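Colleague: Numbering (UniProt numbering), first residue to last: 1 to 240.
Have a look at this one:
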């Protein structure tokens with residue numbers, strides 16, 4: 001079932017389908033974390049309903065062009081609808097494709113920035129949702145974290161930035177593959193629901209081919225965020 005939500009920034013809005021995966025806090029914190037320049041060519045892996053690109057633009061994080069990849073055709077169609085109702089046709093292209101084919105689609109040294117809110121769970125962990133659209137968003141059914149990082153490395157320019165949000169308890173997996181594929185972690189920020197709870201999410205920035213010191217930013221506490229959308233959907237938690 002489709003429902004419309006006001007994003008509380010200007011006149012931007014988004015349609016969600018309750019049969020698909022609904023965005024959560026992870027999308028909001030990642031949109032805050034990503035840094036863009038007005039001439040950046042940007043690629044997103046797994047856009048879902050296009051929530052993060054719309055939030056980026058609404059928050060004034062401009063870019064030259066953004067290519068949003070989504071493997072599921074029905075979800076991709078919803079992303080296109082959300083792009084169009086927000087009048088972003090000139091800035092965002094939605095592509096129904098597998099992120100593992102990014103190199104074939106874009107070529108090497110294509111993007112200044114790649115970002116993703118990938119599936120967090122291994123196939124053999126947790127209960128897999130019987131709704132395949134939601135299962136693909138949560139579990140590594142169509143891609144693994146290695147697939148995501150490898151594809152990002154392949155299309156990023158030298159010095160290009162990679163951004164992702166991930167489960168804190170899988171941080172070591174992410175750091176291993178980032179180093180393996182020459183994406184050097186440069187900034188990490190742990191996300192907590194509040195000061196009493198352990199970190200559930202981690203935000204990561206990495207740079208292709210750059211030697212840089214890792215900065216661990218101060219923790220982010222969800223209950224202190226000025227801009228907070230989770231209460232609008234309420235059906236998906238921040239850890240998928």
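Idealized CB from N, CA, C, for every residue including glycine. Note that the coordinates shown come from a computational prediction; the quantities given were computed from them, not determined experimentally.
Helix, strand or coil for residue 213? Go by DSSP, reduced to three states.
Modeller: Mapped onto the chain shown, residue 213 falls at position 213. Three-state result, residue 213: coil.
Colleague: First and last residue of the beta strand (DSSP E) that includes residue 116?
Modeller: Residue mapping note: residue 116 aligns to position 116 of the chain shown, counting from 1. Unbroken beta strand (DSSP E) run through residue 116: 111 to 116.
Colleague: Measuring straight from C-alpha to C-alpha, what distance separates residue 237 and residue 25?
Modeller: Numbered from its first residue, the chain shown carries residue 237 at position 237. Numbered from its first residue, the chain shown carries residue 25 at position 25. Residue confidence is low: residue 237 scores 44 on pLDDT, short of 50, so the model does not pin down where it sits. Its coordinate-derived value is still stated next. Between residue 237 and residue 25, the C-alpha separation is close to 7 angstroms.
Colleague: Locate the alpha helix (DSSP H) running through residue 84, then write down its first and last residues.
Modeller: If you number the chain shown from 1, residue 84 lands on position 84. Counting along the chain, the alpha helix (DSSP H) containing residue 84 begins and ends at 73 to 85.
Colleague: Could you compute how far the alpha carbon of residue 201 sits from the alpha carbon of residue 195?
Modeller: For the purposes of this step, residue 201 is taken as the residue at position 201 of the chain shown. For the purposes of this step, residue 195 is taken as the residue at position 195 of the chain shown. Roughly 14 angstroms separates the two Cα atoms.
Colleague: Which residue from 38, 67, 204 and 98 puts its Cα closest to that of residue 83?
Modeller: If you number the chain shown from 1, residue 83 lands on position 83. It is 67 whose Cα lies nearest to the Cα of residue 83.
Colleague: Inspect the beta-carbon positions of residue 45 and residue 69 and report whether they are closer than 7 angstroms.
Modeller: Taking the first residue of the chain shown as 1, we reach residue 45 at position 45. Taking the first residue of the chain shown as 1, we reach residue 69 at position 69. Yes. Within cutoff.
Colleague: Do residue 29 and residue 111 come within 7 angstroms of each other at the CB atom, strictly closer than that value?
Modeller: Taking the chain shown and counting its residues from 1, one reaches residue 111 at position 111. Taking the chain shown and counting its residues from 1, one reaches residue 29 at position 29. Cβ atoms of residue 111 and residue 29: not closer than 7 angstroms.
Colleague: What is the rounded straight-line gap between the Cα of residue 198 and the Cα of residue 159?
Modeller: Reading the chain shown from its first residue, position 198 is the one you call residue 198. Reading the chain shown from its first residue, position 159 is the one you call residue 159. When rounded, the distance between both Cα atoms is 33 angstroms.
Colleague: Do you know how far the Cα of residue 79 is from the Cα of residue 23?
Modeller: On the chain shown, residue 23 is found 23 positions in, with the first residue counted as 1. On the chain shown, residue 79 is found 79 positions in, with the first residue counted as 1. About 12 angstroms.
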